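S.K.:
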Ligand code: ATP
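See below:
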């Protein structure tokens, strides 16, 4: 899977709109301390649906929006678009490229898009499931995360293997189906109650 490009505006230290193209092979991002290297990986994590602000090194979701400097006013929104190559068809969409966009306003309102079509966070989550990317993926390993993985409970480690082996999606669908089934059973019970009252 190839990360082709990232475009962002107003995300953390990146007030202006920037484009980063990733060519084939290995890309290394270098720069002085505090220049924004980790903010780029935060942006990638965020656009793929990260909801834990702790993982994004903030205290509230609004912290991902450019907060201003002495010379520049804070911005009202942050937006990140990630373009991934889909020529192998790994993502369940009929396009050669997958473009995922996330936008957040200071009001807390969020918007999500898949190939410029508005969608829910759930759709983005489902799209990345079993690809190793996404909120629960293992493609981005942060500083200190290896230690965390090794010291977590065996059930949590199991989740990583489940994602890698491609069964997370099926487990997720099974849970969703079970939820619907129990909701339907409850509805049926209510219908039966009403029917018996009418008889
Ligand atoms: P290091 O090499 O030390 O790990 P880095 O290059 O990875 O550093 P980052 O952690 O990506 O640097 O960037 C930190 C910078 O981003 C800090 O200067 C911080 O003030 C700035 N920053 C973080 N959030 C915001 C925000 N919401 N608005 C403006 N600037 C921000």
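Numbering (this note's numbering), first residue to last: 37 to 235. Beta carbons: idealized from backbone N, C-alpha and C, even for Gly. Bear in mind the structure is a predicted one, so any value in this text is a computation, not a measurement.
Considering only C-alpha positions, which residue in the set 104, 206 and 153 is nearest to residue 129?
M.R.: Residue numbering aside, residue 129 sits at position 93 when the chain shown is read from its first letter. The shortest C-alpha separation from residue 129 is found at 153.
S.K.: When you measure from the CB of residue 85 to every non-hydrogen atom of the ligand ATP, does any distance come out below 7 Å?
M.R.: As a first step, residue 85 must be located in the chain shown, where it is residue number 49. No.
S.K.: Cβ-heavy atom distance between residue 180 and the ligand ATP below 7 Å?
M.R.: Numbered from 1 along the chain shown, position 144 holds the residue referred to as residue 180. Every heavy atom of the ligand ATP is 7 Å or more from the Cβ of residue 180, so no.
S.K.: What's the C-alpha gap between residue 57 and residue 197?
M.R.: Locating residue 57 in the chain shown gives position 21, where the first residue counts as 1. Locating residue 197 in the chain shown gives position 161, where the first residue counts as 1. Residue 57 and residue 197: Cα-Cα distance of roughly 31 Å.
S.K.: Can you give me the Cβ contacts of residue 204 inside the same chain, cut-off strictly under 6 Å, excluding the 5 residues immediately before and after it?
M.R.: One-based indexing of the chain shown puts residue 204 at position 168. Same-chain partners within the cutoff: 165, 166 and 198.
S.K.: Measuring only from the beta carbon, is residue 71 closer than 7 Å to any heavy atom that is part of the ligand ATP?
M.R.: The count along the chain shown starts at 1 and reaches residue 71 at position 35. Within the cutoff, so yes.
S.K.: Are the Cβ atoms of residue 85 and residue 157 separated by less than 8 Å?
M.R.: What you label residue 85 is simply residue 49 of the chain shown in a count that begins at 1. What you label residue 157 is simply residue 121 of the chain shown in a count that begins at 1. Yes, the Cβ-Cβ distance between residue 85 and residue 157 is below 8 Å.
S.K.: Buried or exposed: which applies to residue 212, given that a residue is buried once 16 or more other Cβ atoms fall within 10 Å of its Cβ?
M.R.: Position 176 of the chain shown, counted from the first residue, corresponds to residue 212. Residue 212 comes out exposed.
S.K.: Hey, could you find the ends of the beta strand (DSSP E) residue 40 is sitting in?
M.R.: The residue labelled residue 40 in the question sits at position 4 within the chain shown. Counting along the chain, the beta strand (DSSP E) containing residue 40 begins and ends at 39 to 45.
S.K.: Assign residue 157 to one of three DSSP states: helix, strand, or coil.
M.R.: Translated into positions along the chain shown, residue 157 becomes position 121. Of the three classes helix, strand and coil, the one that applies to residue 157 here is helix, per DSSP.
S.K.: With a 10 Å radius around its C-beta and 16 neighbouring C-beta atoms as the bar for buried, classify residue 66 as buried or exposed.
M.R.: Looking up residue 66 in the chain shown gives position 30. So residue 66 counts as exposed.
S.K.: Work out the CA separation of residue 125 and residue 78 for me, nearest whole Å.
M.R.: In the chain shown, counting from the first residue as 1, residue 78 sits at position 42. In the chain shown, counting from the first residue as 1, residue 125 sits at position 89. If you take the alpha carbons of residue 78 and residue 125, they lie about 26 Å apart.
S.K.: Assuming residue 145 and residue 45 make a contact with CB atoms under 8 Å, what is their CB distance in whole Å?
M.R.: If you number the chain shown from 1, residue 145 lands on position 109. If you number the chain shown from 1, residue 45 lands on position 9. With a Cβ gap of about 17 Å, residue 145 and residue 45 do not count as contacting.
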